[in-house]
Amino acid sequence: MAAPESGDGNNGAARMVTLISSDNTRFEVEAAAASLSQTLQLTILDGGGGGGDGIPLPNVDSATLSKVLEYCIKHAPAAANGGAPNATAVDRAELERFDNEFVNIDQSVLYSLIMAAHNLEIEGLQSLVAKKVADMIKGKSPMEIRRTLGFPDPTPEEQAEMNAHMLEYGWAYE
Amino acid sequence: MAAEAIGIAALPEDVLAGVLGVLSPRSLAVGRCVCKAWRGIVDAGSLLPHLLPRSVYGIFINYIDHHRGHLFSRPCSKFTRIDGLLSFMLDDPGDDYCTVLDHCNGLLLCETDTGLCVCNPAMQRWTQLPRHTVAWPRSAYIAFDPTLSSHYEVFLIRDLEEPKPADPVFLNAEEQALYATFGLEWLFSPPETEGASIQYASCRLMEEWPPLSWTLVVFSSRTGQWEHRFSLSNHTYQVIKTPAEGDYLGRSMNEVLFGEARKDHLRIWTLIESSGQPEWLLKYQCHLQPHTYHVSTKTWKVEEGYQGMSSDGEVTDTLQTEKGSFHWDSDNDETYQVKARQGDNSLMFDILGFHRYKEVIFLAEGFDVMAYHLSSSKFHYVGYARPKSYYLAHTNGIYEAFVYTPCLIGELAEGDTDGGSSSVSTDDDDK
Numbered sequence: 001m002a003a004p005e006s007g008d009g010n011n012g013a014a015r016m017v018t019l020i021s022s023d024n025t026r027f028e029v030e031a032a033a034a035s036l037s038q039t040l041q042l043t044i045l046d047g048g049g050g051g052g053d054g055i056p057l058p059n060v061d062s063a064t065l066s067k068v069l070e071y072c073i074k075h076a077p078a079a080a081n082g083g084a085p086n087a088t089a090v091d092r093a094e095l096e097r098f099d100n101e102f103v104n105i106d107q108s109v110l111y112s113l114i115m116a117a118h119n120l121e122i123e124g125l126q127s128l129v130a131k132k133v134a135d136m137i138k139g140k141s142p143m144e145i146r147r148t149l150g151f152p153d154p155t156p157e158e159q160a161e162m163n164a165h166m167l168e169y170g171w172a173y174e
Numbered sequence: 001m002a003a004e005a006i007g008i009a010a011l012p013e014d015v016l017a018g019v020l021g022v023l024s025p026r027s028l029a030v031g032r033c034v035c036k037a038w039r040g041i042v043d044a045g046s047l048l049p050h051l052l053p054r055s056v057y058g059i060f061i062n063y064i065d066h067h068r069g070h071l072f073s074r075p076c077s078k079f080t081r082i083d084g085l086l087s088f089m090l091d092d093p094g095d096d097y098c099t100v101l102d103h104c105n106g107l108l109l110c111e112t113d114t115g116l117c118v119c120n121p122a123m124q125r126w127t128q129l130p131r132h133t134v135a136w137p138r139s140a141y142i143a144f145d146p147t148l149s150s151h152y153e154v155f156l157i158r159d160l161e162e163p164k165p166a167d168p169v170f171l172n173a174e175e176q177a178l179y180a181t182f183g184l185e186w187l188f189s190p191p192e193t194e195g196a197s198i199q200y201a202s203c204r205l206m207e208e209w210p211p212l213s214w215t216l217v218v219f220s221s222r223t224g225q226w227e228h229r230f231s232l233s234n235h236t237y238q239v240i241k242t243p244a245e246g247d248y249l250g251r252s253m254n255e256v257l258f259g260e261a262r263k264d265h266l267r268i269w270t271l272i273e274s275s276g277q278p279e280w281l282l283k284y285q286c287h288l289q290p291h292t293y294h295v296s297t298k299t300w301k302v303e304e305g306y307q308g309m310s311s312d313g314e315v316t317d318t319l320q321t322e323k324g325s326f327h328w329d330s331d332n333d334e335t336y337q338v339k340a341r342q343g344d345n346s347l348m349f350d351i352l353g354f355h356r357y358k359e360v361i362f363l364a365e366g367f368d369v370m371a372y373h374l375s376s377s378k379f380h381y382v383g384y385a386r387p388k389s390y391y392l393a394h395t396n397g398i399y400e401a402f403v404y405t406p407c408l409i410g411e412l413a414e415g416d417t418d419g420g421s422s423s424v425s426t427d428d429d430d431k
């Protein structure tokens with residue numbers, strides 16, 4: 001795949017790779033962005049994913065992958081700067097705003113993202129989505145957590161068990 | 001991953017563990033109750049590694065005319081064993097004077113030859129409090145709530161004149177826990193109508209009650225200093241009369257309880273607040289008649305270091321290395337023998353304390369300690385709590401007990417301990 005701007009070919013900063021989702025959609029993305037995934041990084045360093053080959057991702061559907069790549073593209077420049085020590089406050093605020101916006105999504109999408117971030121080993125995304133779930137849990141009772149996260153109603157036995165365990169950490173409810 | 005929506009329940013365990021791993025201890029404790037799978041993850045991953053008090057490990061007991069308190073606890077492997085001798089703190093754990101004055105959420109307040117110490121036996125940390133100027137007879141209490149702060153406070157409260165030679169105690173051992181829960185306002189909030197609702201609260205009556213002025217001498221680990229705290233800016237406070245005299249005020253689960261054992265008659269009240277007015281509600285009463293009691297093969301033991309002090313000071317005798325521990329409160333009833341009780345009917349029970357997390361009260365009949373399950377009326381024989389080192393005398397007995405819930409929070413929070421300029425710092429301690 002030709003790199004549009006730098007005439008640098010496969011070794012340039014703007015080298016592109018192709019990722020193929022489970023439903024066979026092809027995504028072309030800068031290698032730097034895709035390399036936020038620890039899983040993909042090695043393949044890309046080996047020169048994989050270029051040209052017509054593409055890297056198949058049988059565990060990630062296209063909707064999720066496009067979301068993942070949205071995150072990667074946004075975070076790639078900062079990551080390239082080695083965690084952006086010289087990033088300005090404005091840049092950081094912008095990333096934060098993006099992150100907050102980014103996880104403002106349906107739960108099912110969120111869980112797909114969690115799985116994808118886990119499978120692709122994208123550290124920043126993993127902690128971002130984990131934090132989102134944590135925020136959904138925070139300050140709620142077990143019953144409210146169940147409702148929020150779409151658990152089925154507990155059976156009487158489960159309810160009794162919940163009550164018993166709540167006593168064990170009584171202080172958490174004080 | 002297929003395109004259809006997935007729920008959080010569909011996440012693999014390791015992924016979910018990563019998600020739960022970012023929760024605060026408080027949320028983890030709540031999350032643990034959500035469902036079995038979550039509980040498994042929290043427990044298996046040691047995400048909540050018993051950092052915070054959640055179980056009763058044993059009971060610290062002070063004995064009449066005995067130089068030190070002892071931990072009475074279930075035998076357990078040396079890997080999970082807590083140094084109840086406090087040998088990490090005492091030069092000579094066998095002989096040194098050391099009385100447990102109070103316990104709160106895993107921290108012990110001790111009086112030793114060198115003065116007041118706060119220690120966390122589970123973490124083997126301790127700190128010596130600076131000296132204070134208090135010259136009057138006082139009782140000392142500790143307040144610590146690790147879910148709110150890593151700091152603790154130690155209160156000195158004046159013992160008022162008392163006609164009886166028995167040790168006057170104004171605030172009962174666990175009353176300070178009320179501070180932690182409800183704040184000083186709760187104990188000392190202005191009465192609804194002046195005079196009328198001021199009634200005597202404490203278990204042991206004192207002559208000059210209520211005192212006209214009220215000063216608390218408080219050591220805060222935040223500042224590392226003693227300070228005088230005038231808690232009663234308006235010199236009024238609310239006093240809650242106990243439902244009976246004597247005996248035991250404590251907490252169990254989320255309740256404030258008061259227990260009274262008169263011979264074999266047990267009564268337990270719970271404190272409720274209706275329309276702002278605290279009231280005691282009789283929650284439980286029965287005649288304790290342990291015709292049968294459940295006995296496990298492993299009873300609790302008093303931890304002592306005497307015979308086992310080897311030359312290098314290592315404690316060797318009391319190490320129990322059996323696998324598993326005696327969970328008298330577990331569901332494994334089959335491990336128990338049920339024994340019929342022999343003999344006399346003149347039973348005299350004393351309350352040692354309430355189980356913090358179960359509907360269980362610890363009772364002593366002499367040195368025999370039992371756990372009584374309020375809901376099932378079952379007795380479990382816990383063990384014999386007489387230390388071997390306790391010389392025989394007719395005055396022998398258990399003086400005071402503190403149900404110990406270990407807290408594995410690392411550092412004892414300390415202020416500028418070398419600050420030196422304690423606001424109240426000269427001598428009075430001649431113990």
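Protein chains in written order, with UniProt numbering: chain A, 1 to 174; chain B, 1 to 431.
Quick reminder that beta carbons are idealized off the backbone N, C-alpha and C, glycines included.
Quantities reported herein were computed from a predicted structural model and do not represent experimental measurements.
task: Show which residues of chain A have a CB atom less than 7 Å away from the CB atom of residue 33/B.
output: 142, 162, 165 and 166
query: From the beta carbon of residue 120/A, is the nearest beta carbon of chain B less than 7 Å away?
result: no
- request: Answer with yes or no whether the minimum CB distance from residue 68/A to chain B is below 7 Å.
  value: no
field: Chain-ordered neighbours of residue 126/A on chain B, where CB pairs are closer than 8 Å
entry: 18
- prompt: Looking at residue 28/A and residue 18/A, is the spacing between their C-beta atoms short of 7 Å?
  reply: yes
task: Name, please, each residue of chain C whose Cβ falls closer than 8 Å to the Cβ of residue 113/A.
output: The structure shown contains no chain C; its protein chains are A and B.
query: Is the Cβ-Cβ distance between residue 137/A and residue 31/B less than 7 Å?
result: yes
message: Let's see if you can read the secondary structure: which residues bound the beta strand (DSSP E) around residue 58/B?
response: 58-63
8 Å CB neighbourhood of residue 109/B in its chain, flanking five on each side removed: 100, 101, 102, 103, 116, 117, 118, 140, 141, 142 and 154
query: Counting only beta-carbon atoms, is residue 132/A nearer than 7 Å to chain B?
result: no
field: Three or more C-beta pairs below 8 Å linking the region 367-379 of chain B and the region 286-301 of chain B
entry: Because the criterion of three Cβ pairs below 8 Å is met, the region 367-379 of chain B and the region 286-301 of chain B touch.
- prompt: Listing by chain order, which chain B residues have their CB less than 7 Å from the CB of residue 149/A?
  reply: 8
- prompt: Using the beta-carbon count (16 or more within 10 Å), is residue 152/A buried or exposed?
  reply: exposed
DSSP three-state assignment for residue 154/A, whether helix, strand or coil: coil
- prompt: Just to confirm, are residue 114/A and residue 103/A a CB contact at a threshold of 7 Å?
  reply: no
field: Any chain B beta carbon closer than 7 Å to residue 138/A
entry: yes
query: What number of angstroms, rounded off, separates the C-alpha of residue 60/A from the C-alpha of residue 140/A?
result: 31 Å
- request: If I'm right that residue 281/B touches residue 269/B with Cβ under 8 Å, what's the distance once you round it to whole angstroms?
  value: 6 Å
message: With a threshold of 7 Å between beta-carbons, can residue 257/B be considered close to chain A, or not?
response: no
Cβ contact (3+ pairs, closer than 8 Å) linking the region 253-266 of chain B and the region 222-229 of chain B: no
- prompt: Buried or exposed: which applies to residue 90/A, given that a residue is buried once 16 or more other Cβ atoms fall within 10 Å of its Cβ?
  reply: When all chains shown are included, residue 90/A counts as exposed.
message: Please list, in chain order, the chain A residues whose beta carbon lies closer than 8 Å to that of residue 39/B.
response: 165
message: For residue 114/B and residue 128/B, which I take to be in contact (beta-carbon distance under 8 Å), what is that distance rounded to the nearest angstrom?
response: 6 Å
- request: Could you spell out where the alpha helix (DSSP H) holding residue 129/B opens and where it closes?
  value: No alpha helix (DSSP H) contains residue 129/B, which DSSP labels as neither H nor E.
message: Alpha carbons only, please: which of 96/B, 353/B, 149/B and 22/B is nearest the one belonging to residue 258/B?
response: 353/B
- request: Closer than 7 Å, Cβ to Cβ, to anything on chain A: give me those residues from the region 368-388 of chain B, in chain order.
  value: Along the region 368-388 of chain B, none of the residues has a CB nearer than 7 Å to a CB of chain A.
message: Do residue 80/A and residue 32/A count as a contact pair if the criterion is CB distance below 7 Å?
response: yes
- prompt: For residue 105/B, which residues of its own chain have a beta-carbon under 7 Å away from its beta-carbon, when the five flanking residues on both sides are left out?
  reply: 53, 144, 145, 146, 405 and 407
message: Contact criterion: CB-CB distance below 7 Å. Does residue 146/A meet it with respect to chain B?
response: yes
Assumed close pair residue 303/B, residue 71/B - CB separation to whole angstroms, cut-off 8 Å: 5 Å
message: Which same chain residues end up closer than 7 Å to residue 35/A when comparing Cβ atoms and leaving out the 5 residues on each side of it in sequence?
response: 41 and 44
Residue nearest to residue 251/B in terms of C-alpha spacing, selected from 359/B, 158/B and 156/B: 359/B
Contact check, residue 247/B vs residue 351/B, beta carbons under 7 Å: yes
- prompt: Can you tell me the Cα-Cα spacing of residue 193/B and residue 158/A, whole angstroms?
  reply: The predicted position of residue 193/B is uncertain, since its pLDDT is 32 and thus under 50; a value taken from the coordinates is nonetheless stated next. Whole-angstrom Cα-Cα distance: 47 Å.
message: So residue 361/B and residue 374/B are supposed to be a Cβ contact under 8 Å. How far apart are they, rounded?
response: 7 Å
field: Run of the beta strand (DSSP E) containing residue 259/B, from where it starts to where it stops
entry: 255-262
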